[in-house]
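In the numbering used here, the protein residues as written are 4 to 340.
Quick notes on the structure that follows.
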Amino acid sequence: MAQKDTNPYIFSDSNKRYMTYDWYMKKRFGGKVAKVTVDIGCTCPNIDGTRGHGGCIYCKSGSRSAIGETVAEQYKNGVEIACRKWKPVGFIPYLQANTNTYGDVEKLSRAYRDAAGLDGAVMLDIATRADCLTDEIIAELETVARQIPLTVELGLQTSNDATAERINRCHTFAEFVDGYTRLRAAAERVNAEFPTDGELPMKRFLICVHIINGLPGEGEAEMMKTAEDISALAPDMIKIHLMHVLRDTALGDMYLRGEYTPMNRDDYVRVTCDQLEILPRETIIARITGDGVADDLLAPQWSRRKTEVANEIDKELFRRGTYQGAGLKEKRINKKE
């Protein structure tokens, strides 16, 4: 009997014992949905001096990943690349570079609406920081979510303020919670207008939170505390990143001076499985690890083998006989209930 046939985690049709983004999107849209990165020219408050300079210590500020000049050109090129790899049933314009709720509201509003109206777009994804969510911006996001399903991604990285200062994050956990809470209220208003049935409602407005394992100065206790704090907020989605080191960054310089040691693979797998066990079962796991651009990656080299890392997480959860949410104080789930 295959592992998937004995998998106790209900939101899966494979051996994955956590809710993958791919599984969720296929359930929602009926097939593969491809993200297409578009750059709308935003900067960041801890790059331009508003809150700090230089960006987070792991960030290659100024680098751009989108292809093309205009949003339409970037999207067209990204769609063509995606169609060579898959047969998508739809596309998600992904406003990823820097802080995409930071800047002139009218300009941002036009960019959101232009992206939402791109041919084949079934959802819009906007990456930002929780301290860059003014009431005016939140009202705009609420309006956009009524036009097209919306995901807003909030970079947290850690709930430990000492670590946040160490990595030059330039906001506190309290500031994050304030922005998250106000955004959540807007999302709840939109979702109430678009109710769906089923054990896993397909919400119109989703919030994703990013965390990073292996940040400088953090051990297992700090990483687990971040997961506990995020679990209490119950986001719709979470991205779990590995702290990888890129050349030409402050962290890269620390690594080359021997001042930072990345996590090893076994520790990353163990801690990530521990975190999955205490995250709500209904939270989408949009990312389970991470690596850098190949030419820029200094360490750890094992992070290049993402499929292998994901497989090790699958095997560890199977070995434990556990799954996402199993560590929460709630009734254990299985597919026979």
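The C-beta atom is built at its ideal place from N, Cα and C for all residues, glycine as well.
Item	Value
Since Thr161 contacts Leu218 with CB under 8 Å, what's their CB separation in whole angstroms?	6 Å
Can you give me the C-alpha to C-alpha distance between Val212 and Glu285, rounded to a whole angstrom?	14 Å
Taking the Cβ atom as the reference point for each residue, do Leu282 and Gly324 lie within a distance shorter than 8 Å?	no
Can you give me the C-alpha to C-alpha distance between Glu109 and Ile316, rounded to a whole angstrom?	44 Å
Can you tell me which residues form a DSSP beta bridge with Gln160?	Ile214
Quick one: what does DSSP say Phe94 is sitting in, helix, strand or coil?	strand
State the beta-bridge partners of Phe208 as determined by DSSP.	Leu153
Under three-state DSSP, which class holds Met246?	coil
Compute the Euclidean distance between the alpha carbons of Ala195 and Leu301, then round it to the nearest angstrom.	46 Å
Where does Ile84 land, buried or exposed, given buried means 16+ other C-beta within 10 angstroms?	exposed
Do you know how far the Cα of Gly261 is from the Cα of Glu191?	47 Å
Sort Gly106, Glu221 and Glu156 by Cα distance to Thr264 and report the nearest one.	Glu221
Answer with yes or no whether the minimum CB distance from Ile214 to chain D is below 8 Å.	Here chain D cannot be found, since the structure has a single protein chain.
Thinking C-beta only, is Tyr61 closer than 8 Å to Met246?	yes
Suppose contacts are defined by Cβ-Cβ distances below 8 Å. Is Val125 in contact with Val36 by that definition?	yes
What is the C-beta distance between Cys45 and Thr102, in whole angstroms, given that I count them as a contact (C-beta under 8 Å)?	6 Å
According to DSSP, simplified to helix, strand and coil, what is Asp317?	helix
Would you list the residues sitting across from Ala130 in a DSSP beta bridge?	Glu156
I need the straight-line Cα distance from Thr146 to Arg268, nearest angstrom please.	43 Å
Excluding five sequence neighbours on each side, which residues of the same chain lie with their C-beta closer than 6 Å to the C-beta of Glu178?	Asp134
Once you ignore the five residues that flank Asn18 on each side, which residues in its own chain have a CB closer than 8 Å to its CB?	Ala5, Gln6, Lys7, Asn10, Asp317 and Phe321
How big is the Cα-Cα spacing for Glu72 and Ile50?	22 Å
Taking the continuous beta strand (DSSP E) assigned at Cys29, which residues delimit it?	Here residue 29 turns out to be Lys, not Cys, going by the sequence shown. Segment Tyr24 to Phe32 is the alpha helix (DSSP H) holding Lys29; no beta strand (DSSP E) there.
Can you tell me which of Val41, Cys59 and Trp89 puts its alpha carbon nearest to the alpha carbon of Ala100?	Val41
Under 8 Å between the Cβ atoms of Tyr12 and Tyr271?	no
Exposed or buried, which one is Lys339 when buried takes at least 16 other CB atoms within 10 Å?	With a pLDDT of only 33 at Lys339, under 50, the local geometry of the prediction cannot be trusted, and no value is derived from it.
Can you grab the Cα-Cα spacing for the pair Gly158 / Arg87, in whole Å?	30 Å
On the three-state DSSP scale, how would you describe Val41?	strand
On a Cα-Cα basis, can you pick out the residue from Met205, Asn80, Gly120 and Pro96 that is closest to Gln150?	Gly120
Looking only at its own chain, which residues have a Cβ that is under 8 Å from the Cβ of Gly182, when we skip the five neighbours before and after it?	Arg132, Ala133, Asp134, Cys135, Leu136 and Leu157
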